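Here is the structure we will look at.
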Amino acid sequence: MQHKLILFLLLAPVLFVSTFAWELVKLDENVSISFPSKPEKTIFEGKHVWIATVDSTAQCMAMITDLKKLGADVNTLTEQLKRKETYQILKSGMLRGSPGAVVLSESITTFKGKPAYRIKLDLKGEKEDYNIAHILTVYINAKMYTITFMETYQSSHEADKNKFWNSLKLE
């Protein structure tokens, strides 16, 4: 009994910290999301990107694409998001950016009332690489929020992925 109490006292702080250590980050004036650790913010091809690691086998990423800068307006985008062809174009772009990748699953859906697209890819890299990419794109006005959770073949972080995705707050 004493061993169980000592073990509990040793593990309780770790469990407490891991439960509450997620950091809320405001992506822009309308959207925020929680990362499992302080994310590194960078700019990639003119887009704001945040990346944080869960552990050595998983990482989270958020990226904003301002579709107005690409010539889209809210009304046109709203109509385009009603067509399957729009998502096929998006999927083709993702696959072009990841040669050799294979689609494991995909769905056109909504997320918290907004148009969304989910896709799971096997990136076919080395076994220690982040090979499984769970990608959620959410469309708000003329912006596309890409929320990505990546993990190695040997790991499964379903609870962390769900916590990351579900922490997305739309204001």
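Those letters in the sequence shown? Residues 7 to 177, per the working numbering, in order. Idealized CB from N, CA, C, for every residue including glycine. Everything numeric in this text was worked out from a predicted model, so none of it was measured.
In chain order, P121 and Y145 place their CB closer than 7 Å to the CB of L87, counting only its own chain and leaving out the 5 sequence neighbours on each side.
When only Cα atoms are considered, A27 and P42 end up about 7 Å apart. Following the DSSP letters along the chain, one finds K90 inside the alpha helix (DSSP H) bounded by residues K90 to G103. Under DSSP, D61 takes part in a beta bridge, and its partners are A64. When DSSP states are grouped into helix, strand and coil, K53 belongs to the strand group. Under the three-state reduction of DSSP, A148 is assigned to coil, being neither helix nor strand. For D128, DSSP records a beta bridge to V108 and I138. For S38, the pairing in a beta bridge is given by DSSP as K32 and K175. With respect to Q160, K133 sits close: the two C-beta atoms are nearer than 9 Å. The continuous stretches of alpha helix (DSSP H) do not include Q160, and DSSP gives it neither H nor E.
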